[in-house]
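These protein sequences, in sequence, are chains H and W.
According to my numbering, the first sequence is numbered sequentially starting from 424.
According to my numbering, the second sequence is numbered sequentially starting from 26.
Ideal Cβ placement from N, Cα and C applies to all residues, glycine included.
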Amino acid sequence: MLANVNATRMELLRLKKRLNLALRGHKLLKDKRDELMRQLLAAIDEVKTLRFSIEMKFQSILEKFVLAKAGMGPCATEQSLLLTAKKISVSGSRRNIISVNVPVYTREVSGSILPYGYMNMSGEMDIALTDFDKFLDDLLNLAEKEKSVQLMAVEMEETRRRVNALEYKLIPGISETIKFITMKLEENERSNTVRLMKVKDIVRSH
Amino acid sequence: MDIKVAAFGEKDIISMFKAAGIDTFSVNGDIDKISEAEEKLKQIVSEGYGIIFMTETIASKLDSLVREYANETQPSIVVIPGLGKRNNYAVKNLRRAIIKAVGADIMAEERNRSE
Numbered sequence: 424m425l426a427n428v429n430a431t432r433m434e435l436l437r438l439k440k441r442l443n444l445a446l447r448g449h450k451l452l453k454d455k456r457d458e459l460m461r462q463l464l465a466a467i468d469e470v471k472t473l474r475f476s477i478e479m480k481f482q483s484i485l486e487k488f489v490l491a492k493a494g495m496g497p498c499a500t501e502q503s504l505l506l507t508a509k510k511i512s513v514s515g516s517r518r519n520i521i522s523v524n525v526p527v528y529t530r531e532v533s534g535s536i537l538p539y540g541y542m543n544m545s546g547e548m549d550i551a552l553t554d555f556d557k558f559l560d561d562l563l564n565l566a567e568k569e570k571s572v573q574l575m576a577v578e579m580e581e582t583r584r585r586v587n588a589l590e591y592k593l594i595p596g597i598s599e600t601i602k603f604i605t606m607k608l609e610e611n612e613r614s615n616t617v618r619l620m621k622v623k624d625i626v627r628s629h
Numbered sequence: 026m027d028i029k030v031a032a033f034g035e036k037d038i039i040s041m042f043k044a045a046g047i048d049t050f051s052v053n054g055d056i057d058k059i060s061e062a063e064e065k066l067k068q069i070v071s072e073g074y075g076i077i078f079m080t081e082t083i084a085s086k087l088d089s090l091v092r093e094y095a096n097e098t099q100p101s102i103v104v105i106p107g108l109g110k111r112n113n114y115a116v117k118n119l120r121r122a123i124i125k126a127v128g129a130d131i132m133a134e135e136r137n138r139s140e
């Protein structure tokens, strides 16, 4: 699209600078987009396999837990799980993947997951809970990965739109305007020469 | 930076998280209690919980809210399968993120290829 500008040399210089900048930005953003895409695809693969394995594991653990709970009665289960011996604390930091800040979780645990004495509790419950304890690391890992995929997806969309806006809107617009100004200046030049020639002719004929 | 972990969902499933030392918030998945659950989730987030485990059934009902939080750094909501019928909410969510990023559904394409 042709911008509404004055066809002057100064405007031409300004536009040329802008075009240069836009081209540089476009190249950088395109690189960023490609790299982000690469990272995102790798992360997606990881999340997919992790999620499927986790869902399978969780289902079996949950079944064990529910069965144990049913065997003992909901009240007794509730009571025995009321006081937790285990303390979980997760510390988080940030990792920078091409300007996307993704979280990194590390787990610190203390205490055993079985908060009860072995009396009155079914063995299935022990198994379910210890399995679940091991499983928690996977869950945190999944939390981290899924969040990174989501954040990267948002960033990716933004970058893609920026690249497209530069490529299909800004850069063609500026180039067209530059072309218009150069043509206009050349035209002025020519008309100037013609005028001079004409004047010279008139002067000579006198 | 310490991150608080919460579990949010039906009582049956959530009590397991309690044994692991995770703060639990039980909620009823009934249709008429959705606004209540929504309020609760908002409250959990505003209390500064960084990781929230949520059961599939609840998550699919609070879809708009979950989507809203998806684009923020905190909290990360992890959807876990619940008891009963599966609705694959997490996979759908992942696919949505991919479509948003790439502009095409890569996962569907892969599935077609493998078929």
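CA-to-CA distance, residue j to residue i, given in whole angstroms
i: H/Glu434; j: H/Arg584; result: 28 Å
i: H/Asp554; j: H/Gln502; result: 21 Å
i: W/Leu66; j: W/Leu90; result: 9 Å
i: W/Ile83; j: H/Gly448; result: 44 Å
i: H/Ser476; j: H/Asp556; result: 16 Å
i: W/Asp48; j: H/Gly515; result: 17 Å
i: H/Ala493; j: H/Val523; result: 46 Å
i: W/Ala32; j: H/Val513; result: 14 Å
i: H/Leu562; j: H/Glu569; result: 10 Å
i: H/Leu608; j: H/Asp457; result: 40 Å
i: W/Ile38; j: H/Asp468; result: 28 Å
i: H/Glu547; j: H/Ile484; result: 10 Å
i: H/Val626; j: H/Leu436; result: 37 Å
i: H/Leu473; j: H/Lys480; result: 11 Å
i: H/Ser545; j: H/Leu552; result: 11 Å
i: H/Ile597; j: H/Val586; result: 15 Å
i: H/Arg613; j: H/Lys439; result: 23 Å
i: H/Lys453; j: W/Ile124; result: 19 Å
i: H/Tyr528; j: W/Gly75; result: 10 Å
i: W/Ile59; j: H/Lys450; result: 48 Å
i: H/Ala517; j: H/Arg432; result: Position check: residue 517 of chain H holds Arg in this sequence, whereas Ala was assumed. Their backbone Cα atoms lie some 49 Å apart in a straight line.
i: H/Glu610; j: H/Lys592; result: 27 Å
i: H/Arg441; j: H/Asn427; result: 15 Å
i: W/Thr98; j: H/Leu504; result: 32 Å
i: W/Gly46; j: W/Ala122; result: 31 Å
i: W/Arg92; j: H/Arg530; result: 26 Å
i: W/Leu108; j: H/Ala491; result: 15 Å
i: H/Asp560; j: W/Glu61; result: 31 Å
i: H/Thr616; j: H/Glu590; result: 38 Å
i: H/Pro497; j: H/Lys509; result: 21 Å
i: H/Asp624; j: H/Met606; result: 27 Å
i: H/Glu486; j: W/Asn96; result: 33 Å
i: W/Asp27; j: H/Thr500; result: 30 Å
Spatial neighbours of residue i in its chain, beta-carbon cut-off 7 Å, leaving aside the 5 residues before and after
i: H/Asn429; result: none
i: W/Gly73; result: Lys29
i: H/Ala588; result: none
i: W/Asn112; result: Glu81, Ser85
i: H/Thr582; result: Leu452, Lys455, Arg456, Leu459
Contacting residues, own chain, Cβ-Cβ under 6 Å from residue i (five flanking each side not counted)
i: H/Ser628; result: none
i: W/Val70; result: Pro100
i: W/Lys36; result: Ser51
i: H/Met495; result: Ser545
i: W/Ile77; result: Ala31, Phe33, Pro100, Ile102
Beta-carbon proximity list for residue i, same chain, < 8 Å, skipping 5 on both sides
i: W/Lys43; result: Ala32, Thr49
i: H/Met575; result: Leu459, Gln462, Leu463, Ala466, Ile520, Val523, Val525
i: W/Glu140; result: Bear in mind that the predicted position of W/Glu140 carries a pLDDT of just 47, short of 50, making it too unreliable to give a figure here.
i: W/Glu63; result: Leu87, Leu90
i: H/Ile594; result: Leu442, Ala445, Leu446, His449
i: H/Leu565; result: Val470, Leu473, Arg474, Ile477
i: H/Phe558; result: Ile477, Lys480, Phe481, Ile484
i: H/Val622; result: none
Presumed contact (8 Å Cβ cut-off) between residue i and residue j, rounded CB distance
i: W/Ala126; j: H/Glu580; result: 6 Å
i: W/Met41; j: H/Phe488; result: 5 Å
i: H/Val572; j: H/Val470; result: 5 Å
i: H/Glu567; j: W/Pro106; result: No, H/Glu567 and W/Pro106 are not in contact; Cβ-Cβ is about 19 Å, not under 8 Å.
i: W/Val104; j: W/Tyr94; result: So it is not a contact: roughly 12 Å between Cβ atoms.
Next on the checklist: To be precise: take each residue of the stretch 548-574 of chain H, compare its Cβ to all Cβ atoms of chain W, and keep it if any distance is under 8 Å. Which residues remain?
Outcome noted: Ala551, Leu552, Phe555, Asp556, Leu559, Leu562, Leu563, Leu565, Ala566, Glu567, Glu569, Lys570, Val572, Gln573, Leu574
Next on the checklist: Under 8 Å, with one C-beta from each stretch per pair, do the stretch 112-123 of chain W and the stretch 594-602 of chain H reach the 3-pair mark?
Outcome noted: no
Item to check | Interface positions of the stretch 84-97 of chain W facing chain H (Cβ-Cβ less than 9 Å), listed along the chain | outcome: Ala95, Asn96, Glu97
Item to check | Chain-ordered residues of the stretch 575-589 of chain H with a beta carbon less than 9 Å from chain W | outcome: Met575, Ala576, Val577, Glu578, Met579, Glu580, Arg583
Item to check | Residues of the stretch 505-529 of chain H with Cβ closer than 9 Å to any Cβ of chain W, in chain order | outcome: Leu505, Thr507, Ala508, Lys509, Lys510, Ile511, Ser512, Val513, Ser514, Gly515, Ser516, Arg517, Asn524, Val525, Pro526, Tyr528
Item to check | Residues of the stretch 467-484 of chain H with Cβ closer than 7 Å to any Cβ of chain W, in chain order | outcome: Ile467, Val470, Arg474, Glu478, Phe481, Gln482
Item to check | Residues from the stretch 35-46 of chain W in contact with chain H, defined by Cβ distance under 7 Å | outcome: Asp37, Ile38, Ser40, Met41, Lys43, Ala44, Ala45, Gly46
Checklist entry - Just by C-beta distance, which residues in the stretch 47-77 of chain W are closer than 7 Å to chain H? => result Ile47, Gly75, Ile76
Next on the checklist: Beta carbons nearer than 9 Å to chain W: which residues of the stretch 435-458 of chain H have them?
Outcome noted: none
Checklist entry - Which residues, in chain order, does the stretch 487-503 of chain H contribute to contact with chain W at a C-beta distance below 8 Å? => result Phe488, Val489, Lys492, Thr500, Glu501
Checklist entry - the stretch 588-605 of chain H: which residues have C-beta closer than 7 Å to a C-beta of chain W, in chain order? => result none
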